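Quick notes on the structure that follows.
Protein chains: 2
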Amino acid sequence: MTSPRRPNVYTVAERAGVSIATVSRVLSGGERVAPDTRRRVLDAIEALQWRPNRLARALAQRGGEAVAIVFTDLSGLYYAQVINGFEQHTIERRAAVLVLGTHGRDDSERLVLDLAERVDGLVVMGGTVPDVAVAALEASRVPLVLLARPPVGSAPAIRADNRRSAVELAAHLLAHGRRRLVFLGDPGSSPDGAERWEGLVEACAAAGLPRPATVATDGFEPEHGHKALLRELEAGTEFDAVFCVNDQVASGAIRAAGSFGLEVPRDLAVTGWDDIPIAAHLVPPLTTVRQPMRELGARSAEMLFERIAGRAVPSLTLPTALITRQSCGCGVDQGG
Amino acid sequence: MTSPRRPNVYTVAERAGVSIATVSRVLSGGERVAPDTRRRVLDAIEALQWRPNRLARALAQRGGEAVAIVFTDLSGLYYAQVINGFEQHTIERRAAVLVLGTHGRDDSERLVLDLAERVDGLVVMGGTVPDVAVAALEASRVPLVLLARPPVGSAPAIRADNRRSAVELAAHLLAHGRRRLVFLGDPGSSPDGAERWEGLVEACAAAGLPRPATVATDGFEPEHGHKALLRELEAGTEFDAVFCVNDQVASGAIRAAGSFGLEVPRDLAVTGWDDIPIAAHLVPPLTTVRQPMRELGARSAEMLFERIAGRAVPSLTLPTALITRQSCGCGVDQGG
DNA sequence: TCGGGGGGTGTAAGCCCTTACATTGGGTGA
DNA sequence: TCACCCAATGTAAGGGCTTACACCCCCCGA
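Respectively, the protein sequence lines represent chains W and E. Take any residue in the first sequence, count from 1 to its spot, add 256: that is its number in this note's numbering. Take any residue in the second sequence, count from 1 to its spot, add 256: that is its number in this note's numbering.
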């Protein structure tokens, strides 16, 4: 008479010779159940290999918020910290965190839309899905917070102040006497990158210099920076400072310079962005911009829960800090 | 007459003057509903600001598996790839992925146990929670797969072949003529680390050398490697090769050597572990061991779903590859 | 001996959807 | 004009659990 279906409370109750309420009580632990009864129920559970259905459970307990955070690629060290901050905040509220790395999957748009159906709200990072997908999310009325990307509709955005820091960093290079700056990275591939590029342009313009050149990379990893910069050096382009879109690309750039016989920072200044842990341990230690990653994550979670609660939330821009080490020329020349 | 509670299908149906079935049909999109009716329902949804309850929905559709993967700390580049592989596989099955970074939280044990209640299965990585917690999970009968950690009870484990690769790497250093090797890292803090250390010991023993020393680090980041090695150098300990627990620590070690006036690899060989993207771009490029991270993630997901389906799964050890670059002495001396 | 008080359990009402099946009514062909 | 068909919609049965409340029975005190 064992039914072929998955067991449920009823099956277990029947087998133990009790009611479903008693089974539930045994499960919840705290309730008072006669020792003998408890035994029988536990035996039945064991015999049937039963695990309570988490969905039914959560439904009955009317609880269990779930939120998601969407990234392009988890492999940037950058993201890890953001997720950490996000999780910290979320766990305190006993909500579950789903993490989706779209990672250049071609169906990322569908994945995100799909994900949106399974959670109570989500944070979407810049560069993960096309604007049209964000608009679709917005239209589906799922509570939404945008990270490192301009606001859309009523969805608030949280960002680091890329523009201002880029201006500051570029100005710092100029103060070291550098005059021919290039941007290493692809400004078009993410809102963050675009803003850094714009900041660089702005600083050069303010100094009366011509518009800097862009050396496009195929991605954000060290190898991409290495390959692109080496090609540019071999092409004979002249420049004395490389403003990289992030630290990883910068590490590739430093090595490219080295293998081309250039010494950093004497012959070529190199800067990064993000201040990943290894940045301080590159040779030379990398000048970069530190973003408040943890806070970005934590605050985005905070904003999201506000949205879920139905409240309006203003967009937010967090300050960043210029971290000068040696790759820009500090501690070598006395410029600045 | 608007009820103060959250709206649900009934509220919406009532307001639109239709039955709940019709509301559901409008929601699912595909069903045929008269245009006029659809309009009214959509208006009602809009007016009430209704979003269907995902739990009820998933329950009724009897779908929506969810699985989790538990890490210590997401900030190792190592983990990102594993998660990627895991996610890839999981998404194909339309299951949701929860990611938990215990990150040294003191209540990690509670968090994991808690998490286990909300998912259909989980992968737990070595070093995240104490053995006793793993045993508790095992006892709670949640489908479980262990990653980079020895099997427990009926829970299968998936690992990279640390021991063998460590022997190989150590032998490689010995072949370069190095004789005084030290281990930089804390063998006790993770099963992976312990196995690497044991492999090193084994290789030295096989070569008739004394047991190598351990230089303990406080963590796995560059700064930890830097600090620990610098202290050791200043203490006057002598050695000609540093076998690091991972690439990040190795990057700190390289810089420590540099700031102590030692040239790598001439005066001191340094090796890492993991082959993170930046490893090839350190100066000198780092000799390390590549683990099949993506595969580790993908296979663990596969194993997990087998377990969820109630099938037994054997443990698995995947091979690793020694990546020789220059930090070990290759391309400099001709030893080996 | 009888009323009261609990401890231990059962009953049934949710929680909020989806969906198989039943029902209605207007249009069509004979 | 009437049977029939099908599109549009409603009814109700789950899906698997929690929990307020009712109930029973045994023991104790008066």
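Idealized CB from N, CA, C, for every residue including glycine. Keep in mind the model is a prediction, meaning the values are calculated, not measured.
Counting along the chain, the unbroken alpha helix (DSSP H) around W:Cys460 starts and ends at 447–462. DSSP links W:Val438 through a beta bridge to W:Ala469, W:Val498. Chain-ordered listing is empty here: chain E has no CB closer than 9 angstroms to the CB of W:Ile579, the nearest sitting near 14 angstroms.
According to the DSSP assignment, E:Val545 belongs to the beta strand (DSSP E) that extends over 544–546. Within the DSSP bridge table, the entry for E:Met381 names E:Leu403 as partners.
Within chain E, the C-beta atoms nearer than 9 angstroms to that of W:Ala312 come from Leu311, Leu315, in chain order. At a cut-off of 9 angstroms between beta-carbon atoms, E:Pro533 makes contact with chain W.
Under a criterion of Cβ atoms nearer than 7 angstroms, no residue of chain W is adjacent to E:Val457; the nearest Cβ is some 27 angstroms distant. Neighbourhood of E:Pro478 in chain W, by CB distance below 8 angstroms: Pro533, Ile534, Ala536, His537, in chain order. For W:Gly528, no chain E residue has a Cβ inside 9 angstroms of its Cβ, as the nearest lies near 11 angstroms away.
Taken in chain order, the members of the stretch 507–521 of chain E whose beta-carbon sits within less than 8 angstroms of a beta-carbon on chain W are Ser507, Gly508, Ile510, Arg511, Gly514. The alpha-carbon separation between E:Arg434 and E:Ala497 amounts to approximately 6 angstroms. Taking 9 angstroms as the cut-off, the beta carbon of E:Ala525 is found no closer than this to the beta carbon of E:Cys460. Chain W has a Cβ within less than 9 angstroms of the Cβ of E:Leu354. A direct Cα-Cα distance of roughly 13 angstroms separates W:Val326 from W:Ala389. One thing to note: W:Arg563 has its Cβ no nearer than 9 angstroms to the Cβ of W:Gly382. Three or more Cβ pairs drawn from the stretch 501–509 of chain E and the stretch 526–540 of chain E lie within less than 8 angstroms of each other, which places the two stretches in contact.
From the listed residues E:Arg310, E:Glu490, E:Gly587, the smallest Cα separation to E:Arg522 is found for E:Gly587. Contacts between E:Leu367 and chain W, judged by CB atoms closer than 9 angstroms, involve Ile347 in chain order.
Taking C-beta atoms under 8 angstroms as the contact rule, E:Leu456 and E:Pro466 fail to qualify, at a distance of about 12 angstroms.
Interface flag for E:Gln305 against chain W is set, since a Cβ pair is found closer than 9 angstroms. Of all residues in the stretch 371–394 of chain W, only Leu371, Glu373, Arg374, Val375, Asp376 come within less than 8 angstroms of chain E when Cβ atoms are compared, listed by chain position. Going by beta carbons, E:Gln337 and E:Met549 fall inside the 9 angstroms limit.
What W:His482 touches in chain E, judged by beta-carbon distance under 8 angstroms, is His537, going in chain order. Residue environment analysis places E:Gly341 among the buried positions, since at least 16 neighbouring C-beta atoms fall within 10 angstroms of its C-beta.
Interface flag for W:Arg271 against chain E is unset, since no Cβ pair is found closer than 9 angstroms. Counting C-beta atoms within 10 angstroms of its own C-beta, E:Ser284 has fewer than 16 neighbours from the protein chains shown and is therefore classed as exposed.
For W:Phe561, the enclosing alpha helix (DSSP H) has its first and last residue at 549–564. C-alpha of W:Leu315 to C-alpha of W:Glu373: approximately 16 angstroms in a straight line. Contact between E:Val379 and E:Ser556 holds, since their C-beta atoms are separated by about 5 angstroms, short of 8 angstroms.
Measuring C-alpha to C-alpha distances from W:Gln305 to each of E:Pro399, E:His359, E:Ser421, E:Thr328 identifies E:Pro399 as the nearest. Per the DSSP secondary-structure output, W:Arg415 pairs in a beta bridge with W:Thr573. DSSP, read as helix, strand or coil, puts W:Val355 in strand. It is roughly 17 angstroms from the alpha-carbon of E:Phe439 to the alpha-carbon of E:Ala462.
DSSP places W:Ala513 in the helix class (H, G or I) of the three-state scheme. Restricting attention to E:Arg262, E:Leu393, E:Ala484, E:Arg313, the CA atom closest to the CA of E:Arg281 is found in E:Arg313.
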